[in-house]
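Protein chains in written order, with our numbering: chain A, 1 to 247; chain B, 1001 to 1247.
Here the structure comes first, spelled out in C-alpha cells, and everything after it is commentary.
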DNA sequence: CGCACCGGTCGGTGGGGACCGAACCGTTCC
DNA sequence: GGAACGGTTCGGTCCCCACCGACCGGTGCG
C-alpha cells in the first residue's frame, strides 16, 4: 500500500542520531534506565536549554519516550528495537579507543568489561560467558540460526522463567548482540532480557554504579551450578581499590 | 580492550545517512547491484560533482565499496550488514506515502509489490509467501527463534542448495526482514540470499526493470511444487499494460 | 590524434541547526 | 509566602555542509 521509503524520511531519522550530543544521550540511555533531562545535560556537557531542545526532537522522532513526574522529565529509549538500532550503529562506528587516564577510571572500566547491562540484557565477559554456556549446555542451538531448544525450555522453567509469555510479543526470542569489549556475541532478545531480570530478582547479580553489574557472593556458586561451569570461571577482576598502585 | 563507543563516532556514522541525497543513494543501492556515479547523480537529481563528493564520503565511512573500471566508478553497499542497517532504519522511518500519479507508475509499483529484491533476497508478496511456505513445510521453525530444521537441510539439498557453505561466514543463516509493502517478515540472511540466487539460476525467476523480479512461466509450477502450495497463490498481479484504463 | 564522455577538484554561496544566556513557568520544600 | 530548583521558550550568533559551476585529468571511440 505505501510507497517505498524515500530518502528524506530516512535522512530525517538518521539526522536525529547525527549529532554528538543526541548520540551521546542515546548511548547513555542504552543502560535501559530512565534519565532526567538535567542528568543527560550534565553528562553531555551542554546547557539545560540545549538538552531540552534535543530531547524534544528525539521524542518527536519516536526514538525516546518521556514521562513527566512533578518537575522532572524522565526519558528512556522508546522501544527495544531502538536499542538494537543504536547498538548496531555503535558497533559499526569506529572506536576512538582513548585509554583511561586515572586509576579510578581504569577500575570503573574493568568493572564494565566484566559485567554490565546492554539496554536490558547482560553484556561484558559475564554476558559472553552466559551465551557460550547456554550453547554448551544445549539450552540454545545455532545449527540453523540461533534458537532455543526443547531442553532449554525445561531448563528455563526450572529456573523460574516461564517461556510462553516471551513468545507473545513482537520481539525476537533470542538474538545475537555483538559485545563491544569482547568482540563476540552475547545473548539479547526477549530471553536475554528475561534472564537478566531473573538473575537480579534471585539476588545472583546486583546493579553497580552506572551500567555496571556485579555477581553477588551467593550468586556465584548458584550461577555456576545452573550453567554447569567452574565457579572460578566466573571470577570478577581483582579489586584494586584498596591501596595505591603506581603508574 | 577498547573503550565504549563515544557519541562523536556514532554521530559521524549517522551523519553519513542524515542527508537526503546520500540516503537516497543507499536506498537505490539496496537493490544489491553496483551503480555508476552518474546513474546515482541522475537518480537523485544532483550535479555529478555533488554526487562524487557524497560517494567519497560514503566510501571513506565504510558504507560503500567502490570498484573502478575504465572511466566508470561503480559503487555498491560494502556489506550485507550495511544493507541490514539501511533496511532497519528505513523500516522505522515514516513512510511519505505519496500515491502514484501516472498509470505507468502504478503498474511499476504493482510489479514491485509482487516481487522484488531486497538487497540480495526476495521481498514483496512473493517473498512473504516464500517465508510462510517454508514455515508451513517445516523447512524453517520459529518455536525458539527463527531456525533451519534438519528437514530443511534435506529440502535445500534436494533443491541444489548446499547448506554447509552458508554456515561458514559471519552472516546469520536465517533472519527476518520486515517487508515494507506487506508489513510482514520475509526471509533474509545467507539462506535468503542463496535461495534468491538459486531461483534465478534455475530460471524460475528473472530480473525485471530495476529491483523488480518476475516469476517465469516455467518457474510458477516448479516453485509451487517445491513449496507445496497452490500455483494459483503464486499469481502475479493482473497485467494492465494492454489497453488504456480510466482513472 | 582529437572528440565525447565520465568523473574529481576547487572556490563561493546559502541555509540549516547546535549552542548559549536570559527570561519565564511550575513544582517542591522550608 | 518565599526561595531553590528543574525544565522550557526565545533571540541571536556562529559554524558546518550541501550544492553548483567551472576547470582539469583520464578513458574510450571514431
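Note that the Cβ used here is the ideal one computed from N, Cα and C, for glycine as well.
Asked	Found
Could you tell me which chain A residues have their CB closer than 9 Å to the CB of residue 1174 of chain B, listed as they occur along the chain?	144, 145
Between which two residues does the beta strand (DSSP E) containing residue 67 of chain A stretch?	64-69
Go ahead and pull the three-state DSSP assignment for residue 75 of chain A.	strand
So, is residue 1111 of chain B buried or exposed, given that buried needs 16 or more other C-beta atoms within 10 angstroms?	buried
Do residue 41 of chain A and residue 34 of chain A have their beta-carbon atoms positioned less than 8 Å apart in this structure?	no
Output yes if chain B places a C-beta closer than 8 Å to the C-beta of residue 8 of chain A; else output no.	yes
Shortest alpha-carbon distance to residue 200 of chain A belongs to which of A:216, A:148, A:28, A:147?	A:216
Beta-carbon within less than 6 Å of residue 1163 of chain B's beta-carbon, same chain only, minus the 5 sequence neighbours each way: which residues are those?	1153, 1156
Quick one: give me the first and last residue of the beta strand (DSSP E) that residue 213 of chain A is part of.	213-215
Please go through the region 175-206 of chain A and give each complete beta strand (DSSP E) segment of 3 or more residues, from N-terminal end onward.	175-178, 185-188
Measuring alpha carbon to alpha carbon, tell me which of A:57, A:43, A:38 ends up nearest residue 14 of chain A.	A:57
Going straight from the alpha carbon of residue 209 of chain A to that of residue 106 of chain A, what length do you get?	14 Å
Using 8 Å as the threshold, is the C-beta distance between residue 1121 of chain B and residue 1188 of chain B below it?	yes
Is DSSP giving residue 154 of chain A helix, strand or coil here?	helix
Closer than 9 Å, Cβ to any Cβ of chain B: which residues of the region 147-163 of chain A, in chain order?	147, 148, 149, 150, 152, 153, 163
Taking the CB atoms as reference points, tell me whether residue 133 of chain A and residue 124 of chain A lie closer together than 8 Å.	no
Using 8 Å as the limit for Cβ to Cβ distance, is residue 1018 of chain B near chain A?	yes
Quick one, which of B:1196, B:1173, B:1043, B:1073 has its alpha-carbon nearest residue 1118 of chain B's?	B:1196
Assuming residue 234 of chain A is part of the alpha helix (DSSP H), what are its boundary residues?	Note, residue 234 of chain A: premise wrong, no alpha helix (DSSP H); not H, not E.
Given a limit of 8 Å on CB to CB distance, which residues of the region 1185-1198 of chain B reach chain A?	1189
Starting from the C-beta of residue 1028 of chain B, find all residues in its chain whose C-beta is less than 7 Å away, skip the five residues before and the five after it, and write them out in chain order.	1035, 1040, 1043
What is the DSSP secondary structure of residue 1145 of chain B, reduced to helix, strand or coil?	strand
Given a cut-off of 8 Å, decide if residue 174 of chain A and residue 146 of chain A are closer than it, judged by their beta-carbon atoms.	yes
Based on Cα-Cα distance, which residue from A:233, A:37, A:109, A:85 lies nearest to residue 178 of chain A?	A:85
Is the distance from the Cβ of residue 1010 of chain B to the Cβ of residue 23 of chain A below 8 Å?	yes
What residues in the region 206-226 of chain A have a beta carbon less than 7 Å from any beta carbon of chain B?	none
Per DSSP, residue 121 of chain A forms a beta bridge with which residues?	A:118
Kindly indicate which residue of A:7, A:8, A:12, A:25 has the alpha-carbon position closest to the one of residue 1006 of chain B.	A:25
If we call anything under 8 Å between Cβ atoms a contact, is residue 1142 of chain B one with residue 1227 of chain B?	no
Can residue 1194 of chain B and residue 1161 of chain B be called in contact, C-beta distance under 8 Å?	yes
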